[in-house]
Amino acid sequence: MREKTIISTATLVTSLVAYWYAKAAGKDAAPLVMLGGFVGSIIGEGIADQVKKKQP
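The sequence shown runs 153 to 208 under the numbering used here.
Below is the structure:
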């Protein structure tokens, strides 16, 4: 369950950052939020893998 939480949090954070960037730059937010969510899920998977490896 902890891995899902890490991935979800990373996805949410990067999606919000992408949304904020799109609004600040005056661009369409939808594609950037989708891209941000994708990148966030990859980052979250990497972090979850590292946490899983360190646990006994």
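All C-beta atoms in this analysis are idealised placements derived from N, C-alpha and C, irrespective of residue type, glycine included. Computed from a prediction, not measured in an experiment: that's the story for all the values here.
query                                                                                                                                                                      : result
Within the same chain, show all residues whose beta-carbon is closer than 8 Å to that of Lys175, passing over the 5 residues directly before and after it, in chain order. : Ala181
May I ask which residues mark the beginning and end of the alpha helix (DSSP H) holding Pro183?                                                                            : Ala181 to Lys206
I'd like to confirm something about Ile158: is its beta-carbon nearer than 7 Å to some heavy atom of the ligand ADP, or not?                                               : Here there are no bound small molecules, and the ligand ADP is not part of this structure.
Could you check the C-alpha separation between Ile158 and Gly198 for me, to the nearest Å?                                                                                 : 10 Å
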